[in-house]
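There are 2 protein chains.
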Amino acid sequence: MADADKTRQALLEAAYEEIYRNGFQAASLNTILERTGVTKGALYHHFSSKQKLGYAVIDEIISEKLDREWLTPIQQSGHPIDVMIDVIQLAGQQITSQQIDQGCPLNNLAQEMSPIDPGFRQRIDHLYRKWQQSIEKLLRDGQQDGEVKASINPADAALFILASLEGCLGIAKNAQSIDELKRCAQGLVGYLDSLRC
Amino acid sequence: MADADKTRQALLEAAYEEIYRNGFQAASLNTILERTGVTKGALYHHFSSKQKLGYAVIDEIISEKLDREWLTPIQQSGHPIDVMIDVIQLAGQQITSQQIDQGCPLNNLAQEMSPIDPGFRQRIDHLYRKWQQSIEKLLRDGQQDGEVKASINPADAALFILASLEGCLGIAKNAQSIDELKRCAQGLVGYLDSLRC
DNA sequence: TGGAACATACCGACCAGTATGTATGTCCCG
DNA sequence: CGGGACATACATACTGGTCGGTATGTTCCA
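The listed protein sequences derive, respectively, from chains S and W. Residues in the first sequence are numbered consecutively from 899, following the working numbering. Residues in the second sequence are numbered consecutively from 899, following the working numbering.
Following this line, the structure appears as structure tokens:
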């Protein structure tokens, strides 16, 4: 039934917002219910626990967001290093100050939940791995085209690029400063440049 | 009175552990009381709220830990870049798998609390700034000695180094993998090498 | 020097509020 | 008319925080 799906989707989106704002543990089901106008019975009809709701937010909302905002844009044509720099700088231009303050939704959940809930950790790890592999593929393509140094290990470099990106977002989040994000991202761009032949 | 100080210190240390394990919001005062054998009245005699207890943990426990484990070691004599690589690799050797899983105490608090509590954000920012400046000073010294490229901006590079370091710790925390930490840190070492003349 | 006045450190029962989760009832569509 | 899709009311546990009270000094004046 379409109505049921709409209810479920509304819950997922409100849960995503609430979790993004407060973290998973501090996220309140009652707040989610208020914001959606859905009742508690309906929520527990669709999700058997708060934990399962959190899992679904990762598997459906955040995963889809990652695809749309990072994995797909990175697949555009062009020199791999240039493409990555473009994507990073475009994201830097589009980001709002609210998004800076709240950081990366995936990394937020990773830092909070991975030590205390294997189900979260596993799901987050899966997304990180996809992310890393998409960067790795880009570097590998660059090596074949002769744009990227043959001496580097694409998997290791991709891992470091991803870590640095999350690190920059984390630092800027605490500083609540777009300027600091851009200065930090510039360091990452410098590293990317150093991978060119 | 010495006993009062001992009580206060015991509370701070137990609070640090509890917060490190569960985050600040999910940290339970009752657990802290159980672990220390201190009563609730005593706790609220020393700290007027859970928030103030959290502030004190940053100002006293975490700040001291940062000094001891990063700021002081970085001040040893030697070529700046070599010193930093040494400190990073030594830390990588000494880290336990439990510490990997739980991540960096300062970064954990930063990601959780900075968007929702200005007092936390400010205190964490203060420590990050000290950290960054100690790296910046090292790079500046390296430039004067002719070991570090004159073309780089020491403040910006220090910011990126700090962000990358936290990023590597964060990624390894989610992966729960020492190997992934070392591979990631190797990327940081590569960046540091690229700063040499 | 002895004792009243006061301060510090601590105790632990209790409070209101909130959290997730459950049990049962109703509605409505195929 | 059976079952999916809810709604309502409630259970239970736990949270941070408060409050009246106590025990152990410390100070200071007669």
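Ideal placement from N, C-alpha and C gives every residue a C-beta, glycine not left out.
Residues are counted here when their Cβ sits less than 8 Å from a Cβ of chain W; for the region 1007-1024 of chain S these are Ala1008, Gln1009, Glu1010, Ser1012, Pro1013, Ile1014, Arg1019, Ile1022, Asp1023, given in chain order.
Along the region 1066-1090 of chain W, going in chain order, the ones with a CB nearer than 9 Å to a CB of chain S are Cys1066, Leu1067, Gly1068, Ile1069, Ala1070, Lys1071, Asn1072, Ala1073, Gln1074, Glu1078, Arg1081, Cys1082, Ala1083, Gln1084, Gly1085, Leu1086, Gly1088, Tyr1089. In this structure, the alpha-carbon of glutamate 932(W) lies about 50 Å from that of asparagine 1051(W).
DSSP places serine 947(W) in no alpha helix (DSSP H); its state is neither H nor E.
Counting the other CB atoms within 10 Å of its CB gives glutamate 967(S) a total below 16, which places it among the exposed residues. In this structure, DSSP gives valine 1046(S) an extended state, which the three-state scheme calls strand. Asparagine 1072(S): member of the alpha helix (DSSP H) spanning 1052-1073, first to last residue. For the region 920-947 of chain W, the beta-carbon criterion of a distance under 8 Å to any beta-carbon of chain S is satisfied by Asn920, Gly921, Gln923, Ala924.
Of all residues in the region 951-977 of chain S, none has a C-beta nearer than 8 Å to a C-beta of chain W.
Counting every other CB atom within 10 Å of its CB across the protein chains shown gives cysteine 1095(W) a total below 16, marking it as exposed.
Only those residues of the region 1022-1055 of chain W whose C-beta falls short of 7 Å from the nearest C-beta of chain S are listed: Ile1022, Asp1023, Tyr1026, Asp1054, Ala1055. In this structure lysine 950(W) is exposed. Its beta-carbon is surrounded by fewer than 16 other beta-carbon atoms within 10 angstroms. Here arginine 1094(S) is bridged, per DSSP, to Val1046(S). Using a 10 angstroms sphere on the CB of glutamine 973(W), the tally of other CB atoms stays under 16, which defines it as exposed. Less than 7 Å separates the beta-carbon of glycine 990(W) from that of alanine 1083(W). With its beta carbon at least 7 Å from every one in chain S, serine 995(W) lies outside the interface.
For glutamate 962(W), the uninterrupted alpha helix (DSSP H) run begins and ends at 961-964, by DSSP. Between glutamine 907(S) and chain W, the shortest Cβ-Cβ separation is not below 7 Å. For glutamine 1000(W), the C-beta contacts it makes with chain S under 7 Å involve Pro1013, in order along the chain. By a beta-carbon distance limit of 8 Å, isoleucine 1022(W) contacts asparagine 1072(S). Their separation comes to about 6 Å. Chain S has no Cβ within less than 7 Å of the Cβ of glutamate 915(W). For alanine 989(W), the enclosing alpha helix (DSSP H) stretches over residues 978-992. Leucine 1004(S): member of the alpha helix (DSSP H) spanning 1003-1011, first to last residue. Put simply, of Ile1076(S), Gln997(S), Leu1057(S) the residue whose alpha carbon is nearest the alpha carbon of serine 1075(W) is Leu1057(S). With respect to chain S, the C-beta atom of leucine 988(W) has no partner C-beta closer than 7 Å. Membership of glutamate 932(S) in the alpha helix (DSSP H) is indicated by the continuous run 927-934.
Judged by beta-carbon spacing, cysteine 1002(S) lies within the 7 Å limit of leucine 1067(S), meaning their Cβ atoms are closer than that value.
When Tyr953(W), Ser975(W), Asn920(W), His977(W) are compared, the shortest CA-CA separation from serine 1012(S) is found for Asn920(W).
Assignment of serine 1032(W) by DSSP, reduced to helix, strand and coil, places it in the helix class.
At a C-beta separation below 7 Å, leucine 1060(W) has these neighbours in chain S: Ile1069. Distance between glutamine 997(S) and glutamine 987(S), taken at the CA atoms: about 15 Å. For a Cβ distance threshold of 8 Å, residue set Ile1069, Glu1078, Arg1081, Cys1082, Gly1085 of chain S lies close to leucine 1057(W), ordered along the chain. The three-state secondary structure of phenylalanine 922(S), taken from DSSP, is coil. Contact between the region 1028-1044 of chain W and the region 1024-1038 of chain S is not established, with fewer than three Cβ pairs separated by less than 8 Å. Residue burial annotation: alanine 1055(S) is buried, with at least 16 other C-beta atoms found within 10 angstroms of its C-beta.
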